[in-house]
Every structure is written in structure tokens, then in C-alpha cells.
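Following: one structure in C-alpha cells, then a few remarks.
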Amino acid sequence: MYKVVKNAEEAIHDITDNSTIHLGGFGLCGIPENCIAALAKKGVKGLTCISNNAGVEGFGIGILLHQRQVKKMISSYVGENAEFERQLLSGELEVDLIPQGTLAERCRAAAAGIPAFFTPAGYGTEVAEGKEVREFDGKMYIMEHWLKADFSIIKAWKGDTDGNLIYRKTTRNFNLPMAGAGRITIAEVEELVPAGQLDPDQIHTPGIFIKRIFEGEKFEKRIEQRTVSKKA
Amino acid sequence: MYKVVKNAEEAIHDITDNSTIHLGGFGLCGIPENCIAALAKKGVKGLTCISNNAGVEGFGIGILLHQRQVKKMISSYVGENAEFERQLLSGELEVDLIPQGTLAERCRAAAAGIPAFFTPAGYGTEVAEGKEVREFDGKMYIMEHWLKADFSIIKAWKGDTDGNLIYRKTTRNFNLPMAGAGRITIAEVEELVPAGQLDPDQIHTPGIFIKRIFEGEKFEKRIEQRTVSKKA
Amino acid sequence: MLDKDGIAKRIAQELKNGYYVNLGIGIPTLVANHIPEGISVTFQSENGMLGMGPFPFEGEEDADLINAGKQTVTVMPGGSYFDSATSFAMIRGEHVDLTILGAMEVSETGDIANWKIPGKMVKGMGGAMDLVASAKHIIVAMQHVNKAGESKLLPKCTLPLTGLHCVKRIVTELAVIDITPNGFKLIERAPGVSVDDIKKATEGKLIVEGEIPEMHLYL
Amino acid sequence: MLDKDGIAKRIAQELKNGYYVNLGIGIPTLVANHIPEGISVTFQSENGMLGMGPFPFEGEEDADLINAGKQTVTVMPGGSYFDSATSFAMIRGEHVDLTILGAMEVSETGDIANWKIPGKMVKGMGGAMDLVASAKHIIVAMQHVNKAGESKLLPKCTLPLTGLHCVKRIVTELAVIDITPNGFKLIERAPGVSVDDIKKATEGKLIVEGEIPEMHLYL
């Protein structure tokens with residue numbers, strides 16, 4: 197029970213200016229909406245956000261960008277956000293673009309205590325510049341490092357008071373590899389249940405990776421690209 | 197459906213002398229009993245077995261050892277098997293001992309296309325001899341390579357015709373990291389169901405890692421150390 | 031000459047039963063609409079799904095179920111969900127049989143450029159660099175020339191690269207072309223397109239050996 | 031002087047509420063029987079379980095549920111199962127708060143040897159090298175001297191090492207000893223044991239500062 201906090205405000209109370217933060221989600225899918233809202237309310241500035249995407253205008257990390265709270269984005273794709281583009285081109289915002297698989301593995305490596313590994317992604321491109329290159333079994337690879345942070349903020353579907361998490365559908369994305377990658381991992385969940393209610397075989401993220409957990413007040417779950425089929 | 201084979205004999209039909217094989221399980225827990233029996237029946241020799249343990253006399257990999265089918269064991273702990281000891285001391289058997297976490301990660305790396313990574317396990321010990329050593333953030337690490345094989349043979353609880361797997365309790369162990377680590381991965385399951393019957397959120401090993409699957413004829417599930425509590 | 035659907039249709043003929051396929055955004059997405067009869071393939075979406083199905087019916091959209099293009103989708107029987115590290119373990123580990131993606135430029139040595147135009151806003155490479163670096167088989171689906179009328183099949187890419195020596199086959203509105211150790215090799219002509227048309231639109235070295243068949247587009 | 035249960039009992043006093051703990055085979059296993067009241071800890075078993083509980087009642091053993099010692103066990107509410115790569119991600123990633131394990135030798139710089147005796151059958155290191163290389167806090171539970179009466183607390187280990195500079199604290203039948211930059215430091219005496227007894231049994235440099243308290247063993 198000592199992991200359970202009251203709400204997003206309490207969960208992020210010690211996040212300060214210039215913190216580095218992992219934020220789970222892919223696009224707007226599976227993002228920690230409540231913690232993002234709390235960070236916006238708290239107004240901390242100079243954040244470095246490690247997140248696959250940068251949200252859209254008015255939602256997700258887009259809220260923090262709009263309030264100029266973000267100093268730097270570390271992402272694989274940031275194309276959905278015009279405010280992002282404006283700040284980048286004006287030099288207000290730094291951005292590090294990282295291949296998506298490398299980003300996921302660097303987060304997983306941070307959680308798993310692996311300081312560096314080799315991947316072929318980006319070999320021969322500008323991503324490889326300044327990086328160690330090595331051949332294994334006739335193929336070229338570059339060395340990538342773990343990507344740690346002060347805080348990891350993730351979102352799950354169900355969670356228990358011991359911090360165990362279950363994700364729903366494609367919301368697992370970066371939430372799972374970021375669990376435990378930061379010094380302190382905060383999980384917000386749609387439903388918080390007492391420890392013992394989740395099937396131990398079905399837990400996606402064991403509680404050991406989670407330091408704080410709370411049930412989010414509200415999940416808007418905005419859809420970025422609503423695409424539908426016609427009924428035959 | 198093209199992944200489904202009739203039985204263990206068919207699943208291992210192209211395993212030949214001198215093959216290198218991953219075998220899932222921890223001790224006797226979650227081992228591919230039916231494929232081991234089929235390998236014993238087939239009588240292939242000169243095998244290199246990558247498995248956390250070496251079974252016991254008369255069960256698990258112990259069956260293959262007894263029949264002198266194994267040339268080399270790559271394991272983290274082989275203490276439960278007197279026949280193993282005899283063959284090792286007489287020079288009939290080679291053994292490579294690898295720290296358990298390194299063994300698991302080397303299998304996972306093989307499945308994940310990561311040729312090498314750094315771990316602190318074994319630094320300053322004989323395990324580090326001849327290996328590249330490097331410092332990251334003030335701590336020393338050694339470089340370890342992926343551990344591939346010709347075949348990976350694993351065991352799951354439930355599987356479907358698309359190769360999706362669900363493990364039960366502590367049988368997940370090395371079965372999951374070995375899935376996809378070999379050129380061909382064979383899964384034997386206690387219950388094989390049509391694709392679509394397993395909840396996509398609860399699948400532990402997605403079918404893409406599995407090339408062949410079958411329902412095992414019989415699972416003895418021998419217990420190595422039966423320990424019990426007295427009722428109060 | 032093929033339209034976009036025609037390109038997708040031709041590429042769909044490359045699918046083999048049991049293939050795991052990753053489709054990029056744009057023309058590649060259309061391939062899913064033209065899977066030949068009797069062929070069953072599984073689509074991988076790198077945000078964390080195997081067995082990606084069609085868009086949901088109106089009212090059945092689920093914000094928790096999207097593809098890598100952030101579109102609402104559905105899941106097929108036998109599908110599964112997983113995290114991004116596992117997803118790219120599949121890709122990096124060469125478990126995906128075929129990757130189909132678009133490109134701005136392809137070189138005669140199989141280099142590909144499809145993520146960045148100097149001077150323009152850079153949106154990022156997403157999963158493209160991981161995909162091209164590790165795919166067992168890559169087919170590029172693209173227009174043969176760009177909007178300025180310049181060939182996209184070049185001796186050497188001029189744009190920042192996404193990956194080196196990785197493309198195996200290109201399907202455009204004009205032709206099917208393979209990357210060989212000696213350069214681009216013409217395999218098929220689109221209906222009504224001459225070898226000369228293709229030569230003119232191809233800036234890199236184009237090998238033309240013998241009679242070049244016109245492609246068959248099964249319906 | 032403590033018996034094995036006494037050593038376990040003393041170590042159990044090091045547990046803090048909310049700790050994730052990995053217990054080695056032997057004396058460390060006994061620690062689970064002496065958890066102080068009001069303290070809740072979670073045991074990690076490196077074969078793939080959090081929340082390891084007591085042995086099952088007879089007839090309730092499950093071959094699919096064992097600990098790292100291959101013993102049948104149970105799971106506590108809030109427990110979870112996972113694979114070996116994830117298990118060692120927890121260990122290597124320093125998410126386990128405390129590791130308690132046995133040793134053949136410990137050096138005054140915190141080196142530990144506990145896996146191999148030259149000339150004897152080598153069974154393997156299992157997870158010990160991963161555990162000692164990455165533990166945030168390691169307590170060694172062992173006898174102060176070996177069966178031949180030789181000290182196991184040495185200036186330098188003579189046996190092949192399991193890990194370097196990793197042990198933080200040692201609890202034996204005679205004493206609680208910390209590893210400091212200057213060598214072994216005596217923290218507590220076991221009931222009825224004198225500082226001289228401990229000095230005699232310790233081959234490495236032993237720092238004794240001021241009065242050394244006798245340990246309290248709460249029941």
C-alpha cells in the first residue's frame with residue numbers, strides 16, 4: 197500500500213524544473229493524461245521529455261509544449277504538432293530524433309541495467325555519426341547506450357496496490373519498456389485494485405519496477421486518426 | 197495452420213547430429229518433455245544443448261546425457277546430475293558455464309537481433325577472461341554476445357495454431373527468451389487451440405517467434421524438490 | 031502505367047502464405063486490400079500488434095487500438111499485443127518476412143532515403159531505420175519520378191539516408207525493378223509502358239536483359 | 031554464538047518495509063521465517079517470481095511453481111510470474127533492494143567467492159554472479175570459519191571469485207561485520223562471544239572501534 201498515492205499532483209510532487217522524464221504512449225494512445233495535466237498545472241519548466249511522439253496541439257505533450265515547459269524532446273517521430281514545429285524552427289526547442297526500435301531498446305536497457313548494446317538501425321546514416329561501429333557475423337552495427345531519466349511516467353489499464361500493471365491492446369507500447377527505466381517510475385491506471393486481485397500469470401509489468409501508483413481521475417483517450425470501414 | 201505438426205517426432209524430424217539446440221525450462225520445470233523423448237528415440241548425437249540446467253538422472257536432458265547424445269552443455273548450473281558429473285570428469289562431455297542472467301539475456305539478444313551487450317555479471321572473475329571490458333558511469337562491465345542455435349525447443353501451457361503461447365506460473369523461465377533465438381523454434385504445449393481463442397492481451401510469446409507447434413502427448417512434470425508445509 | 035492501387039496490387043503478388051508483413055504508410059497500406067486468394071498473411075504494426083485487421087466500423091473505434099499510423103484499426107483472430115521493445119525485437123531479429131515501404135530515393139546499390147529533406151521540417155524516422163536495417167526482404171513502393179519530374183532511382187542517393195544496401199525490389203507506376211550487384215535490373219514493365227519509358231525515368235544504371243515481360247495484374 | 035536460525039534472525043532485522051529481497055540457498059532461506067512484525071517484504075526468486083510464499087501444504091504441490099532452489103513453493107497475493115530475462119532485468123537493473131547469500135570466502139575489500147572449488151566438480155554459478163554484480167545491498171550469511179577451522183574472512187580470497195567489491199555486510203555465528211574502505215569493521219558481537227574470539231577467527235584486517243555491542247535478537 198505504501199506505493200499508492202492520492203492523485204497525479206502527489207505522484208509528481210517532486211518533479212522539478214529541468215528534470216528528465218520518460219513519458220509512455222504512442223501517439224495519443226496509452227499516454228499518462230493525468231500526470232501530464234498535473235505537470236502543466238505545476239508549471240515546471242526546462243523539461244527533457246523522452247517520448248516516442250510529442251502529442252498534438254492541445255493534447256498530450258502538446259499541452260506542455262504550448263506552455264513552453266519543454267526544453268528538449270527525445271523522440272522518434274514528431275510530425276503531428278504544428279506548435280512543436282514552430283518552436284523547433286525558432287530555436288526555442290531542442291530535439292533528438294532516435295529510431296523507434298533503438299528508443300524502445302534504450303529504455304528497456306536502462307530498466308534492465310544494460311549500459312550499451314549494438315543495433316543495425318541507423319548504420320550508414322547520420323544517426324551513426326560519432327557512434328562506435330562494429331561488425332558482427334558480417335553485418336555492421338552501431339553501439340547505443342541506455343537512456344535513463346529522473347522519472348518515468350507511464351499509463352496502464354489495471355494496476356494493483358503493489359504496483360503490478362496490466363495494459364490494454366496497443367497501449368502497452370513504450371509504457372512497458374519505460375517501467376523501471378527512470379529513477380522513480382510513476383504509473384497511472386484506469387482501475388486500481390487491491391494486491392492479489394490480478395492473476396499473477398497475466399501481469400505485464402511486475403510491481404518491482406513501479407514506485408508510485410494511482411487511479412487517474414479522468415481519461416479522455418482522444419483519437420488521433422479516426423478511420424472507419426463502411427458496413428457491407 | 198501451417199505451423200501445426202502432428203507430434204514431437206515430426207517437430208524434430210530435421211534435427212541432425214551435431215546440432216545446437218536451445219532447450220527451455222528451469223530445472224525440470226517447464227521443460228519440453230515430448231521433444232526430449234523424441235530426440236532420445238531418434239538418437240541424434242553430438243548435440244550442443246543450451247539449457248539453464250542439465251536435467252536429473254533419467255529425466256529431462258539427463259535422458260540424452262545417459263544415451264551419450266550430448267557433446268556439450270551450455271548452462272548456468274548443472275549440479276543435479278551424477279551422470280553429468282561422471283561424463284564431465286572423464287572428459288566425454290564439454291561444459292560452458294554462464295551466469296544465469298547473462299544466459300537469459302544472450303538468448304533474448306539472439307531473438308531480438310542484438311549481437312552484443314554489456315553486463316556487469318562476472319566482471320573480475322574467470323567468466324570475464326578474454327572478454328572485452330568497459331567502464332560505463334563508473335562501473336565495470338563485460339561484453340557478451342548473442343547465443344544463437346539451429347533449433348530452439350520450448351514448452352508452453354496453451355498455444356494456438358498461429359503459434360501464440362501462454363505459459364503457466366514459473367514455467368515461463370527460459371522458454372520465453374529462447375522463443376525465436378534459434379533458426380527454427382519448436383513449441384510443445386499442453387493444450388493446442390484454434391487461432392483466435394487466446395486473448396491477444398494475454399499472449400506471452402507472439403506466434404511470429406514460433407515455426408512449429410504441437411500438443412504434447414504426455415507431460416509427466418516431475419518435481420525435483422518436493423517441499424511442503426505442515427498444516428497448522 | 032499503374033495507379034497507386036495498381037502498384038499495391040502488383041506488390042500483393044509477392045506475398046506468400048504465412049508471411050509476417052510490415053506495411054509502411056502511403057501506398058504500402060493499400061497492399062492489405064489486394065491479398066491474393068488462398069494466401070494468408072499477418073500484418074505487424076510496429077506500435078505493438080500482430081494481426082492488424084481493417085478499420086473498425088463506425089462507432090466501434092477503440093482509442094486503445096491503433097496502428098503505427100495512429101489510425102484506429104481492428105485485430106484479427108490469432109493476433110496479439112505487445113510492447114515496443116518486443117515489437118522491434120521481432121523486426122531487428124528478422125522475424126518479419128517482408129517490409130513494404132515508400133521512399134524518396136533509392137540507389138542502385140539498394141540504399142534508401144525516406145525520412146528527411148534538408149531545409150524542411152524534420153518529422154523523424156519513426157521505425158523506418160530499424161525496419162530497413164533488419165528486414166529479410168524489402169520492397170519499395172513509390173512513384174518512379176518525383177513531383178519535379180526527377181528520377182527517384184539514382185546512382186547514389188542525394189538525400190540523407192535511412193539505410194544502406196537494404197532494398198531488394200522496387201515497384202513503381204512504370205516497372206518492377208530489382209537491386210542486383212550490378213545495379214537496377216528491369217524485371218517487368220507496367221501495362222502500356224515501354225522499356226524506353228522506364229530507361230528515361232531511371233537515372234541510375236538500368237540493366238535490361240532479353241525480353242521484358244509486361245506485368246500481369248490478377249484481379 | 032548463534033546457530034543458523036540465529037544468523038537468519040539477525041539478518042531479518044535488516045529488512046525494511048517494502049523491500050524486494052532475493053534469498054540465496056542455505057542460511058539465507060531461513061530469513062523468511064523471521065520477518066519482524068509490521069514489516070512487509072517481497073521475495074524475488076530468480077527463476078521468475080515475485081511474492082514467493084511458503085512451501086505448499088502436502089498434496090497442493092504444483093510442478094509448475096518452484097523457486098530457484100527447485101523447491102515447490104506458493105505465491106503470495108500481489109505476486110507475479112515472469113521470464114528469466116525479465117527476472118535478471120530486475121536484478122541487473124538494481125530493482126532488488128537486498129540480496130542475502132552464502133559464501134565460502136569474503137575479502138576485506140568485499141570480494142566474494144562462493145561458486146567453485148578447484149579440483150572439485152563445478153556445479154556452476156547459477157544466478158550468483160548476476161546477483162552480486164548488481165545488488166544495491168548484499169549481506170553474506172555464513173559461518174565465520176570453514177570445516178577445517180580456517181577463517182573465511184580473508185585479506186584476499188583464495189578461491190575463484192564470484193564478484194568484486196560487492197559485499198556490504200557479513201553476519202556469522204560470531205559477529206556482524208561491515209566492509210569499509212579500510213577493511214572489515216566489527217559492528218556487533220553474538221551473545222556470549224568476545225571481541226578476542228572474533229579477532230582470532232578473522233584472518234583479514236579487523237577494525238574494532240570503541241565498545242562493541244552485543245546483538246539484540248528480538249523474538
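Chains as they are written, first to last, in the working numbering: chain A, 197 to 428; chain B, 197 to 428; chain C, 31 to 249; chain D, 31 to 249. Heads up, the beta-carbon is just placed ideally off N, CA and C, and yes, glycines get one too. Note that the coordinates shown come from a computational prediction; the quantities given were computed from them, not determined experimentally.
| request: Look at the alpha carbon of D208 (chain D) and the alpha carbon of P58 (chain D), and state the distance between them as a whole number of angstroms. | output: 17 Å
| task | Report the three-state DSSP secondary structure of T381 (chain B) (helix, strand or coil). | result | strand
| request: Ignore the nearest five residues each way along the sequence and tell me which others in K159 (chain A)'s own chain have a CB closer than 8 Å to its CB. | output: An answer regarding residue 159 (chain A) cannot be provided, because it is not within the stretch 197 to 428 covered by chain A.
| query | Looking only at C-alpha atoms, which of C:F73, C:A42, C:F85 sits nearest to E67 (chain C)? | reply | C:A42
| field | Boundaries (first-last residue) of the beta strand (DSSP E) holding S348 (chain A) | value | 345–356
| Nearest-angstrom Cβ-Cβ length linking E205 (chain C) and I228 (chain C), presumed shorter than 8 Å | Position check: residue 205 (chain C) holds Ala in this sequence, whereas Glu was assumed. Indeed they touch by this definition, with Cβ atoms about 5 Å apart.
| query | Going by alpha carbons, who is nearest to E124 (chain D) out of B:T244, B:L285, B:P316, B:L372? | reply | B:P316
| request: Please check if any C-beta of chain C sits within less than 8 Å of the C-beta of D346 (chain B). | output: no
| Endpoints, alpha helix (DSSP H) assigned at M269 (chain B) | From DSSP, M269 (chain B) is part of no alpha helix (DSSP H) but of the beta strand (DSSP E) over 266–271.
| So is V105 (chain D) in contact with chain A if we call contact Cβ pairs under 8 Å? | yes
| said: For a cutoff of 8 Å on Cβ pairs, would you count G376 (chain B) as touching chain C? | reply: yes
| query | When the Cα atoms are used, what is the spatial distance from T210 (chain D) to L236 (chain D)? | reply | 10 Å
| message | Going by DSSP, what residue range makes up the alpha helix (DSSP H) through Q296 (chain B)? | response | 296–308
| Contact list for D358 (chain B) against chain C, beta-carbon separation under 9 Å | T72, L80, G81, P107, G108, G109, S110
| task | Could you check the C-alpha separation between A312 (chain B) and A220 (chain C) for me, to the nearest Å? | result | 45 Å
| Would you say F313 (chain A) faces chain B, with C-beta separation under 8 Å as the test? | yes
| said: My output table needs one value for R364 (chain A): the three-state DSSP class, helix, strand or coil. | reply: coil
| query | Of all the options C:L191, C:E76, C:K34, C:G156, which has the alpha carbon lying nearest to the alpha carbon of G56 (chain C)? | reply | C:K34
| query | Just checking my contact of A143 (chain D) with C187 (chain D) at CB under 8 Å: how many whole Å lie between their CB atoms? | reply | 4 Å
| message | Quick test of your reading: N203 (chain B) and F410 (chain B), contact by CB under 8 Å. State the CB separation rounded to the nearest angstrom. | response | 6 Å
| query | Could you check where the alpha helix (DSSP H) with V162 (chain D) kicks off and where it finishes? | reply | 158–164
| request: Spell out the partners DSSP gives S247 (chain B) in its beta bridges. | output: Note: S247 (chain B) sits in no beta bridge, so no partner.
| field | Contact set for L219 (chain A): own chain, Cβ-Cβ below 6 Å, skip 5 residues either direction | value | C245, S247, I349
| message | Starting from G258 (chain A), trace the alpha helix (DSSP H) in both directions and tell me its first and last residue. | response | 257–262
| field | Chain-order list of residues whose beta-carbon lies under 6 Å from that of W353 (chain B) (same chain, five-residue window excluded) | value | I362, Y363, R364, E386
| query | With 8 Å set as the bound, which would you pick, yes or no: does the beta-carbon of D210 (chain B) sit closer than that to a beta-carbon of chain C? | reply | no
| Beta-carbon proximity of N369 (chain A) to G256 (chain A), cut-off 8 Å | no
| field | Secondary structure of V225 (chain D), DSSP reduced to three states | value | helix
| request: Please state whether DSSP places Q101 (chain D) in a helix, a strand or coil. | output: strand
| query | Are R301 (chain B) and E279 (chain B) closer than 8 Å when you measure CB to CB? | reply | The sequence given here has Glu at residue 301 (chain B), not Arg. No. Outside cutoff.
| message | I'd like the list of long-range same chain contacts for M374 (chain B), defined as Cβ closer than 6 Å, with 5 residues on each side in sequence excluded. | response | H218, G220, C303, S348, I350
| message | If you follow the beta strand (DSSP E) that T116 (chain D) is in, where does it begin and where does it stop? | response | First-last for T116 (chain D): 114–122, but that is the alpha helix (DSSP H), not the beta strand (DSSP E).
| If you measure from the beta carbon of Q421 (chain A) to each beta carbon in chain B, is any gap under 8 Å? | no
| Reference I37 (chain D), options D:K230, D:I242, D:I200, closest by Cα | D:I200
| message | So M134 (chain D) and K182 (chain D) are supposed to be a Cβ contact under 8 Å. How far apart are they, rounded? | response | 7 Å
| message | Please state whether the Cβ-Cβ distance between G318 (chain B) and N277 (chain B) is less than 8 Å. | response | no
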